Amino acid sequence: DALFAGGTIRIHFPDNTYKTLPVTSESSVEEVIQVLSKRRHADPSRYELIIIAPGNQSLKERRLLRGDKPWQIQMKGGATAFKFLFRELGPADGAEGTAEHAKQEEGTSDGQDQDIPLADASGRIRTGQLELLLKDGLSWQPCTLILEEENLWYTQPRDTEEAVGGGMACLPLTSCTKMAESEDKRVFRFITKDEELSFRARTNSERNSWLLAAARQTALLKEQEMLLRADFYISEVEAHRSDRRQSRLESFENLAGLLKDCSARKLFEWFLEESAMSAEASEAWPSGLTPAALMAKLDSREAGRAAEGAEEMEALSFTDQVLFPRFHSDLRIQ
């Protein structure tokens with residue numbers, strides 16, 4: 053009832069739950085479906101395992117073949133690049149979908165490589181049959197290539213140790229450091245910091261079409277990445293500026309903070325002059341106290357010197373209890 057240990061994959065279900073299964077590099081989609089179906093007391097022929105990957109506009113999905121190896125797919129593409137979804141075949145898939153799987157597994161086709169997972173055409177930019185240069189640098193393997201908004205998918209050869217069950221491998225376009233031509237006019241190279249893959253088309257024109265499409269989409273993704281990074285930096289600057297503005301406004305809630313800000317201090321001095329000349333306010337001013345003298349007393353207090361005499365204490369109290377609250381409520385100041 054359990055798969056051989058060696059690693060784990062997370063299988064998601066349509067109800068937003070998931071199950072973590074132990075697998076080996078040789079565990080197949082068929083084995084995973086059998087295990088999950090048995091635990092759910094369901095008919096395994098009625099279920100499929102698909103990959104769901106995020107795109108720019110929507111989620112893209114790809115159905116896996118029964119012989120594909122989920123652990124190898126996960127290791128090649130990265131656990132965060134996509135997720136596995138276990139779901140029941142819909143009415144449109146029905147018996148035809150199951151029969152198509154059986155046909156591909158038995159190899160009863162017209163001679164083309166059948167180790168290609170069925171896929172939803174949504175999100176594809178270009179797809180076609182090319183050849184992949186193997187690691188010996190001499191042999192070419194028939195290969196299906198699918199260019200999507202964010203990834204380049206290609207079929208892995210069966211006879212290599214890193215083969216993903218003869219299924220699809222995923223290369224994120226943003227990992228591409230260079231897209232280059234070759235001496236062979238039918239060949240183009242997809243180069244990342246970790247590897248280099250060479251694909252051969254049937255004609256020079258077909259090669260150029262693939263090269264142009266892949267290069268354009270890669271450049272577009274990198275441009276979008278730069279714009280997102282720029283937006284992030286701008287947001288950080290704006291947030292920092294907003295924090296400083298908020299901190300400054302909060303400092304104006306007390307007289308000491310207000311007097312430390314040059315612009316706010318000048319505004320307060322202007323308010324004192326206006327208040328001193330106002331008939332309503334001037335009646336409440338302590339006798340003989342001028343705006344300039346009051347500012348001097350306030351600066352003296354902020355410097356840490358204690359108030360001297362009843363008159364100075366009265367002036368400071370008048371500022372704290374009358375002038376400063378009135379300053380804050382003045383609509384012209386606001």
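According to this note's numbering, the sequence shown is numbered sequentially starting from 53. By construction, the Cβ of each residue, glycine as well, lies at the ideal position given by its N, Cα and C atoms. These numbers were taken from a predicted model, which means no experiment stands behind them.
- Per the DSSP secondary-structure output, residue 250 pairs in a beta bridge with 241.
- Per DSSP, the continuous beta strand (DSSP E) segment holding residue 193 begins and ends at 192 to 200.
- In this structure, the beta-carbon distance from residue 228 to residue 244 falls below 7 Å.
- Nearest neighbour of residue 81 by Cα position, chosen from 101, 70, 95, 67, turns out to be 101.
- CA-to-CA, the gap between residue 75 and residue 193 works out to about 28 Å.
- By the neighbour-count criterion, in which 16 or more other beta carbons inside 10 Å mark a residue as buried, residue 231 falls on the buried side.
- When C-alpha distances from residue 254 are compared across 299, 191, 181, the shortest belongs to 181.
- A distance below 7 Å separates the beta carbons of residue 307 and residue 376.
- Residue range 228 to 233 is occupied by the beta strand (DSSP E) that includes residue 232.
- Cα atoms of residue 362 and residue 384: separation of roughly 32 Å, rounded to the nearest angstrom.
- In this structure, the straight-line span from the alpha carbon of residue 270 to that of residue 233 is close to 16 Å.
- In terms of Cα proximity to residue 240, the closest of 198, 188, 219, 183 is 183.
- About 21 Å separates the beta carbons of residue 78 and residue 135, which is beyond the 8 Å limit, so they are not a contact pair.
- Comparing alpha carbon positions, the residue from 188, 350, 85, 318 closest to residue 118 is 85.
- The three-state reading of DSSP puts residue 371 in helix, counting H, G and I together.
- Residue state for residue 94 is assigned as coil, using DSSP reduced to three classes.
- Per the DSSP secondary-structure output, residue 179 pairs in a beta bridge with 198.
- Only residues of its own chain outside the window of five on either side were considered, and among them 336 have a CB closer than 8 Å to the CB of residue 374, listed in chain order.
- Each residue's CA atom was taken as its position, placing residue 226 and residue 380 some 55 Å apart.
- In the same chain as residue 60, and ignoring 5 residues on each side of it, the C-beta atoms closer than 8 Å to its own belong to 72, 73, 74, 75, in chain order.
- Residue 309 sits in a helix when the DSSP states are folded into three classes.
- For residue 137, same chain residues with a beta-carbon under 6 Å away, outside a window of 5 residues either side, are 64, 102, 104 in chain order.
- DSSP places residue 139 in the strand class (E or B) of the three-state scheme.
- Assignment of residue 122 by DSSP, reduced to helix, strand and coil, places it in the helix class.
- Partner residues in the beta bridge of residue 103, as assigned by DSSP, are 114, 136.
- Taking the Cα positions, residue 246 is about 12 Å away from residue 224.
- Judged by DSSP in its simplified three-state form, residue 68 adopts coil rather than helix or strand.
- Residue 294 and residue 263 have their C-alpha atoms roughly 46 Å apart.
- Listed as beta-bridge partners of residue 203 by DSSP are 224.
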